[in-house]
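Position 43 (the sequence shown) corresponds to 53 in our numbering; numbering is contiguous.
Please read the structure below before turning to the comments.
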Amino acid sequence: MKTLYIIRHAKSSWEFDVSDDKRPLNDRGIRDAGLIGEHLKTLVKPIDKVLCSPAKRAYSTAKIIVSHLDIPENVFSLEPKLYDFEGTQVIDVIKNCNNDINTLMIFGHNHAFTSIANLYGDQHIDNLPTAGVVAIEFDVDMWQNISVGKNLLTIFPKFLR
Numbered sequence: 011m012k013t014l015y016i017i018r019h020a021k022s023s024w025e026f027d028v029s030d031d032k033r034p035l036n037d038r039g040i041r042d043a044g045l046i047g048e049h050l051k052t053l054v055k056p057i058d059k060v061l062c063s064p065a066k067r068a069y070s071t072a073k074i075i076v077s078h079l080d081i082p083e084n085v086f087s088l089e090p091k092l093y094d095f096e097g098t099q100v101i102d103v104i105k106n107c108n109n110d111i112n113t114l115m116i117f118g119h120n121h122a123f124t125s126i127a128n129l130y131g132d133q134h135i136d137n138l139p140t141a142g143v144v145a146i147e148f149d150v151d152m153w154q155n156i157s158v159g160k161n162l163l164t165i166f167p168k169f170l171r
């Protein structure tokens with residue numbers, strides 16, 4: 011069995027004149043990431059690997075959420091291919107994961123993450139909102155063999171406020 015947690019970065023700020031990958035979270039994004047992290051505490055399986063886009067907003071979201079989940083620092087890595095808005099590179103990252111990893115958590119961006127959730131999940135979502143989470147379980151032993159799996163949970167921060 012393989013389980014994938016797809017988490018879109020929390021709400022970011024457009025207030026600063028910085029490149030896209032340097033945009034920080036805004037106040038709502040910081041609050042929402044904390045809400046999601048707290049809510050996931052009792053719901054997530056033990057996480058074997060966390061991969062995160064190097065964009066500042068994704069990294070900040072990941073650090074806030076992971077801090078609530080008792081995940082060891084050594085399972086956390088930045089993955090440049092997750093700074094992808096279409097999904098091709100995201101799929102490549104997932105399918106090339108080491109098969110010793112049974113539970114993978116990824117942090118990144120739309121439209122890629124909505125597409126991935128709909129490609130591999132059994133429940134359609136119109137849009138994965140900022141700080142939204144979709145977890146999908148696959149009845150396979152190798153990441154390269156994943157196809158449509160079973161949605162285990164879908165969490166949007168607006169339902170936790």
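Yeah, the Cβ is synthetic: ideal placement off N, Cα and C, and Gly gets one too.
Small disclaimer: the values here were computed from a predicted structure and weren't measured.
Got a sec, what are the start and stop residues for the alpha helix (DSSP H) residue i sits in?
i	result
A122	122 to 130
V103	98 to 105
Using three-state DSSP, classify residue i as helix, strand or coil.
i	result
S63	coil
I13	Sequence inspection shows Thr at residue 13; the Ile mentioned does not correspond to that position. Of the three classes helix, strand and coil, the one that applies to T13 here is strand, per DSSP.
K32	helix
F86	strand
V150	coil
R171	coil
K73	helix
I40	helix
L68	This sequence places Ala at residue 68; Leu is not what is there. In the structure shown, A68 sits in a helix (DSSP, three-state: H, G or I).
Below 8 Å on the Cβ atoms is my guess for residue i versus residue j; work out the distance and round it to an integer in Å.
i	j	result
S63	F26	That pair is no contact at about 18 Å.
T13	N84	Contact doesn't hold; Cβ gap of about 20 Å is too wide.
I101	I126	7 Å
G39	S22	6 Å
S53	L163	Before going on, a small fix: residue 53 reads as Leu here, not Ser. That pair is a contact at about 6 Å.
N128	H134	6 Å
V15	A145	The sequence given here places Tyr at residue 15; Val does not occur at that position. Sure, about 5 Å apart at Cβ, within 8 Å.
Do residue i and residue j have their C-beta atoms within less than 8 Å of each other?
i	j	result
H19	K51	no
K160	D136	no
L138	F123	yes
I57	K105	no
N204	D151	Because the chain spans 11 through 171 in this model, residue 204 falls outside it and cannot be assessed.
With residue i as the anchor, note down where its beta strand (DSSP E) starts and where it stops.
i	result
K160	160 to 165
L114	113 to 118
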